[in-house]
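**Q** In our numbering, the protein residues as written are 4 to 183. Can you keep this structure in mind? I'll have questions shortly.
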């Protein structure tokens, strides 16, 4: 595994998927079995998952957008390298399977306006981590890591990256047009 590389193995995808499944399982179990709010101390409110899915989308864009010579690029590549290594070890040495490369062939690129929106989103994510008292920090960090691991895949998360990047590019084009 090369730290400068932006490639993901099946083990990395497995680890990213495990994170998503465990967060959803914890949310489901924490909800108290689906009873009415207040019956047994919990409720299964889907809005509790919004910070996780926002962080997941951020992680997907971070691995696709951050250049290798940027601070964010270094952080995302460290997350990719570490998470892919854990997933590889789990899948190959823990389970006994194989872990081929499953990296998307064509990278998704942001426009200048898209990078501007992504830079604003990055500042918002940092601000939320620093100043929010209600943000589930671990859940958000896991969402970012899962997004980093899933963002380069050829499959479902790879297909999600195209509309996500397109939406950010459209928003960036609109905003850049407004401020010019």
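Glycine residues also receive a C-beta, built at the ideal position from the N, C-alpha and C atoms.
When burial is assigned at 16 or more other CB atoms within 10 Å of the CB, is residue 25 buried or exposed?
**A** Exposed is the call here.
**Q** List the whole-angstrom C-beta distance separating residue 180 from residue 119, where the pair is believed to meet the contact cut-off of C-beta under 8 Å.
**A** In fact, because the Cβ distance is near 11 Å, the residues do not count as touching under 8 Å.
**Q** Taking its Cβ as the centre, do 16 or more other Cβ atoms sit within 10 Å of residue 135, making it buried, or is it exposed?
**A** So residue 135 ends up on the exposed side.
**Q** Tell me residue 156's beta-bridge partners as DSSP assigns them.
**A** Per DSSP, 106.
**Q** Tell me, please, which residues DSSP counts as bridged to residue 169.
**A** For residue 169, which the question treats as bridged, DSSP gives no partner whatsoever.
**Q** Residue 12 bridges to which residues according to DSSP?
**A** Paired residues: 104.
**Q** Which value, in whole angstroms, describes the spacing of the CA atoms of residue 11 and residue 52?
**A** Roughly 26 Å separates the two Cα atoms.
**Q** For residue 173, collect the residues of the same chain with a Cβ closer than 6 Å to its Cβ; drop the 5 residues on either side in sequence, then sort them by chain order.
**A** Excluding residues within five positions, none has a Cβ falling inside 6 Å.
**Q** Which term fits residue 86, buried or exposed, when burial requires 16 or more other beta carbons within 10 angstroms of its beta carbon?
**A** Counting Cβ neighbours within 10 Å, residue 86 comes out buried, since at least 16 surround it.
**Q** Which residues bound the alpha helix (DSSP H) around residue 80?
**A** Start and end: 74–91.
**Q** Confirm, please, whether the CB-CB distance from residue 145 to residue 66 is below 8 Å.
**A** No, these two residues do not count as a Cβ contact at 8 Å.
**Q** DSSP three-state call for residue 143: helix, strand or coil?
**A** Residue state, collapsed to three classes: helix.
**Q** At the level of alpha carbons, what is the spacing between residue 59 and residue 122?
**A** Spanning the two alpha carbons is a distance of roughly 16 Å.
**Q** Compare the C-beta of residue 100 against all C-beta atoms of chain D and say whether one is closer than 8 Å.
**A** Within the model displayed, chain D is absent; a lone protein chain is all it includes.
**Q** Using three-state DSSP, classify residue 29 as helix, strand or coil.
**A** DSSP places residue 29 in helix when its eight states are reduced to three.
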